[in-house]
Structure formats: structure tokens, C-alpha cells
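In the numbering used here, the protein residues as written are 36 to 350.
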């Protein structure tokens, strides 16, 4: 793998993910934690973490709040993940995940993150062009921090596509809507994000597939619609696949979608058959969902889950 073949992940609104386990969350009362886990977070960073476990040459890049940037960078360095971030005024946010062990219910409390300036974005754009020189794949993932135009992902996709890079977009709302206009290689919404895009509930499988195919006609090559514990749809011009994962006894959904993106890119990067890509991506997500916090599986662990994933070709 040469330096121009890296998988570049861009995280514009990173976080420190703090997972707190407690028996039952009692609002308005003092709650005592059973255990606490802190992981470097943000959707693109999570993708890099999973890829690194599989031996992938990945660069985690994007924006960081300079006031506590070393906290996140140090954690990534301990995982042997190369980083290159533009530091901006303010703090990198902390996201709290409160897991009730008696019911497995998860309550998220996500901070908005730092606010970026026009100067920050100009600096980021200059760095982005340099990062692209090292990469063959680009992952644009997660929310946009305050101060960022909603068409920013569209601009980054256009920049990458003009240099013949493959691009994955995993976002929501207006960032997704405008990003689609630049025809990324892969788009991975979940069902709720697709419904938000459509402005209405999805009425069954055929309705979902019709919406996914519409993106294919706009130039997207893979549309992956994740369904949480129910698996995912993988929609391409060459075929449609539906995966059904095994059930996990205690589901921890934080990071599972990011693990699926990592598995998808890994399969495409290594030119796996489409059916294997779908199963590997699903298995990657299942493993992450089976672990507390944001933890990702190595090759052997994902392979074990992959053997339990059922796949059906949809004609």
C-alpha cells in the first residue's frame, strides 16, 4: 500500500465519547455510575479506529478544539493511528452515553461542539487538498460543527471527485441532501435519515428501494441503508442485497454504524465480491453493537460474526 492509497477519514465535529453504565437512570436524583469508559469519538475517527485494527493505512483528519486537542490525539496515538487535524478555538466536545444495565436503554447527551470561523474553513480546505494527495478513499462522516455551511460536504466531495478519489458520505439532514448533489461513491443513511430526506415515512421495502435507486440515478454507486439490529440494504446498479445479522444479547448501538462504514470501505478497497462486502460490513457493525462504549473487532472477531450473517439477493 503506497502513501497515495490511504483511506482518509474527515471528522469535522469530533468528540470524546464517555460511556457511563448505571443500573437505572433516575432523572432529578443523584445517580451513581457502575463504570465509566472514555473513547476517542466522532464518526470518521471511529472508522479509522476500525480500519486500523484490520491493518488498514488510514489517516484521521479534520477539525479539533485546541483547548483539549491533546486528549483525543494522545488516545489515537496509543492506537497507532496517524492524525492530522486543523485546530480551532474552543474545546472538542464530550458526548455522554448513559447505559442503563437493567434495561439496556441508552440516553445520549451530545454537546454541540466548537464554532468554526471562515478562516478556520479556509485553512481546512488548504489542508484537505494536501490530505487528498495521500488518499484513494475519503470518508466524510458525521455532523457539521456550528458555523459550517450546510453545503460544505458537497464542496469536499467535488474536490475529491475532481481528483478521481472515491468518497463515502455518512451524514444527515441538509448536509446529506446537498452532499448527494456531488455524487459521492457511497452513501450510508439509516432508515430514519432516509425518511428525513424524503420528508415522509417509508412504506415498505419497495418504497425504500425506490428511494435508494433514485440516488443511483444521480451517480451514487452504492446506497447502504442500515436498519439497526435488523441488518441493512445494499443497493447497487449490479445487484441488491439484504443482510440479516444475528441477535446480540446486549446491544450497544453507539459506533455500530461507523463500524459498518469501515467494513464497507474495507471490502470495496480490497475489491471483495459485493455479497461478501455486505456480509463483512454487517458483521463489523454487529461486533461493535455487542460491546459497550465504542469498540471494534479485529479480523478474527468480525469473521466469526460474518459466518452468522444471513444474506439474500433481491431481484
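From the three backbone atoms N, C-alpha and C, an ideal C-beta is built for every residue, glycine too. Just so we're clear, the structure is a prediction, and the values are computed from it rather than from any experiment.
Between the stretch 83-96 and the stretch 186-199, the count of C-beta pairs closer than 8 Å stays below three; the two stretches do not touch.
Under DSSP, the beta-bridge partners assigned to residue 50 are 76 and 128. A direct Cα-to-Cα measurement between residue 69 and residue 78 gives close to 26 Å. Relative to the Cα of residue 73, the nearest Cα in the group 53, 105 and 331 belongs to 53. Secondary structure note for residue 214: its alpha helix (DSSP H) is the uninterrupted segment 208-215. Counting along the chain, no beta strand (DSSP E) covers residue 138, and no H or E run does either.
Counting only residues of its own chain and dropping the five nearest sequence neighbours on each side, residue 198 has a CB closer than 6 Å to the CB of 167.
By the C-beta criterion, the stretch 208-217 is judged not to be in contact with the stretch 233-241, since fewer than 3 inter-stretch pairs fall below 8 Å. Straight through space, the alpha carbons of residue 163 and residue 87 are spaced by roughly 21 Å. Considering only 144, 115 and 222, the residue with the shortest C-alpha distance to residue 254 is 222. With three or more CB-CB distances shorter than 8 Å, the stretch 127-134 counts as touching the stretch 43-53. With respect to the C-alpha of residue 226, the residue from 246, 217, 296 and 216 having the closest C-alpha is 246. When secondary structure is reduced to three states using DSSP, residue 299 falls in the helix class. At least 8 Å separates the beta-carbon of residue 150 from that of residue 184.
Comparing alpha carbon positions, the residue from 295, 57, 140 and 290 closest to residue 267 is 295.
Excluding the 5 residues flanking it on each side, residue 344 has same chain C-beta neighbours closer than 6 Å at 278, 280, 314, 317 and 318, in chain order. Within the DSSP secondary-structure output, residue 205 pairs in a beta bridge with 176.
Our two residues, residue 293 and residue 320, have alpha carbons roughly 7 Å apart in a direct line. Beta-bridge pairing by DSSP links residue 145 to 130. Residue 252 sits exposed, since fewer than 16 C-beta atoms from the chains shown fall within 10 Å of its C-beta.
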